[in-house]
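In this note's numbering, the protein residues as written are 13 to 398.
All residues carry an ideal CB built from backbone N, CA and C; glycine is no exception.
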């Protein structure tokens, strides 16, 4: 049976990779998109490897983005993110990917969706998943986004050109409230696991934050050690579902909330074998995304954890290094993760309740391949072949 070819670009954004499409090249009916995205990435794959597609077998490498020029005032491009499940017939559009957001501006410039003069491009992006606005700033030369530079991103080999992302008014992106329950801490009644204290926060995405110690962990374990325990995995999923219910979300939606567990700064060894000294981070963190321990941090989860670290009374704030009277008010929160460290700027207004003005982070991105992605026609019965 023949295969169908669609124009696509394969891009890395931050610590994620995914397929980028022009919205104009996708079927007019949104109902037809899922089959296309699943086939392109190689899902569902009971072996968890996505060998028959472009996916990489883990959530951070199984993603798609559809981009189009925007008709919204003051916005350059709209984009919709899809999280493609590895082992299930599911494409989730209920969250954003902060890492791939870093690549949206590059795609828009390189594909001619916007015109950018040489120098620094400043684009306004609109994320359709969460009705969220993000500002992206990055260098342009010769009418194309610059990829080479001196910025190091832990978890990514080599260096790249910096991309500054500002998530504007990110509080309540999923639930409508920065603290969905109105409290900095809640006691969750987790079926089969008992009570556990948690912070429920919604900043760029929804996250349930728990203490690593309450899970019997130090908080600096590598992903393989976290995924090696069947009982731990079941407990983490039960916590996620209980938190979803408390946040007013559907428990069966695997992408939100994400589960983050935190601990005070501690020496750790990264996935590259390098030593991460305790005095170089403000908070140690690990995140479970789509049932797997993330190899770094999902960027939106990192944003939420950093925001929580600045809100008094949360579990993240209690575990974080005290800022002290001499610390700069705008000093970024340094999060230790399995691949190193991530820094997030938190602009938190001292309102009651607290209000987030913006969250800022620096990423890198690179176009890896351009051309056409091939998908089996037999899996796309409703997709037009012309």
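Residue i - containing alpha helix (DSSP H), residue span
i, result
"residue 31", "Unbroken run through residue 31 is the beta strand (DSSP E), 28-34; no alpha helix (DSSP H)."
"residue 252", "242-259"
"residue 359", "Counting along the chain, residue 359 falls outside any alpha helix (DSSP H), though it belongs to the beta strand (DSSP E) covering 352-361."
"residue 347", "Run containing residue 347: none in the alpha helix (DSSP H); it sits in the beta strand (DSSP E), 345-349."
"residue 53", "45-53"
"residue 117", "110-122"
"residue 238", "235-239"
Length of the line joining the Cα atoms of residue i and residue j
i, j, result
"residue 35", "residue 204", "44 Å"
"residue 127", "residue 217", "30 Å"
"residue 5", "residue 61", "The shown model of the chain, from 13 to 398, leaves out residue 5, and the question about it has no answer."
"residue 14", "residue 165", "41 Å"
"residue 277", "residue 222", "15 Å"
"residue 198", "residue 37", "46 Å"
"residue 365", "residue 186", "17 Å"
"residue 362", "residue 242", "42 Å"
"residue 387", "residue 159", "29 Å"
"residue 173", "residue 119", "15 Å"
"residue 383", "residue 113", "21 Å"
"residue 332", "residue 290", "11 Å"
"residue 183", "residue 286", "34 Å"
"residue 398", "residue 78", "Interpretation of residue 398 is limited by its pLDDT of 33, a score under 50 that renders its predicted location unreliable; the figure taken from the coordinates is listed afterwards. For residue 398 and residue 78, the distance between alpha carbons rounds to 20 Å."
"residue 82", "residue 188", "24 Å"
"residue 288", "residue 231", "13 Å"
Best match in the options for proximity to residue i [C-alpha to C-alpha]
i, options, result
"residue 170", "376, 262, 216 and 386", "376"
"residue 122", "369, 20, 74 and 371", "20"
"residue 192", "384, 335, 260 and 362", "260"
"residue 8", "390, 266, 241 and 243", "It is not possible to answer for residue 8, since the shown part of the chain is limited to 13 through 398."
"residue 101", "208, 56 and 68", "56"
"residue 180", "32, 142 and 157", "142"
"residue 400", "86, 53, 105 and 158", "The structure shown does not extend to residue 400, since the chain spans only 13 to 398, so no value can be given for it."
"residue 329", "284, 295, 306 and 64", "295"
"residue 311", "274, 354 and 385", "354"
"residue 292", "347, 235 and 241", "347"
"residue 297", "155, 234 and 383", "234"
"residue 283", "262, 303, 240 and 236", "236"
"residue 215", "117, 314, 334 and 290", "314"
"residue 244", "258, 273 and 262", "273"
Beta-carbon contacts of residue i that lie in its chain and below 7 Å, excluding the five residues immediately before and after
i, result
"residue 358", "318, 319, 322, 345 and 371"
"residue 392", "16, 47, 48 and 51"
Beta carbon of residue i nearer than 9 Å to that of residue j
i, j, result
"residue 66", "residue 378", "no"
"residue 111", "residue 72", "yes"
"residue 58", "residue 99", "yes"
"residue 74", "residue 30", "yes"
"residue 269", "residue 280", "no"
"residue 137", "residue 90", "yes"
"residue 224", "residue 325", "no"
"residue 219", "residue 227", "no"
"residue 133", "residue 151", "yes"
"residue 124", "residue 157", "no"
Residue span of the beta strand (DSSP E) that contains residue i, given as start and end
i, result
"residue 379", "377-388"
"residue 149", "144-153"
"residue 213", "206-214"
"residue 223", "218-223"
"residue 322", "Careful: residue 322 lies outside any beta strand (DSSP E), inside the alpha helix (DSSP H) at 311-322."
"residue 198", "198-202"
"residue 330", "It is not in any beta strand (DSSP E) - residue 330 instead sits in the alpha helix (DSSP H) that spans 327-331."
"residue 132", "131-139"
Cutoff 6 Å; reference residue i; Cβ partners in own chain excluding five residues on either side
i, result
"residue 178", "147, 370 and 372"
"residue 308", "27, 167, 349 and 351"
"residue 300", "248 and 271"
"residue 238", "305"
Other residues of its chain near residue i: CB distance less than 8 Å, five sequence neighbours each side excluded
i, result
"residue 103", "45, 46, 49, 50, 76, 94, 95, 96 and 97"
"residue 69", "57, 60, 61, 62 and 98"
"residue 338", "Residue placement at residue 338 cannot be trusted, given a pLDDT of 47 that sits under 50; the coordinates are not used to answer."
"residue 201", "207 and 254"
"residue 87", "136, 137, 138 and 145"
"residue 84", "90 and 138"
"residue 258", "192, 193, 198, 200 and 212"
Chain D within 9 Å of residue i, Cβ atoms only
i, result
"residue 392", "Looking at the structure shown, chain D is missing, and only one protein chain is on hand."
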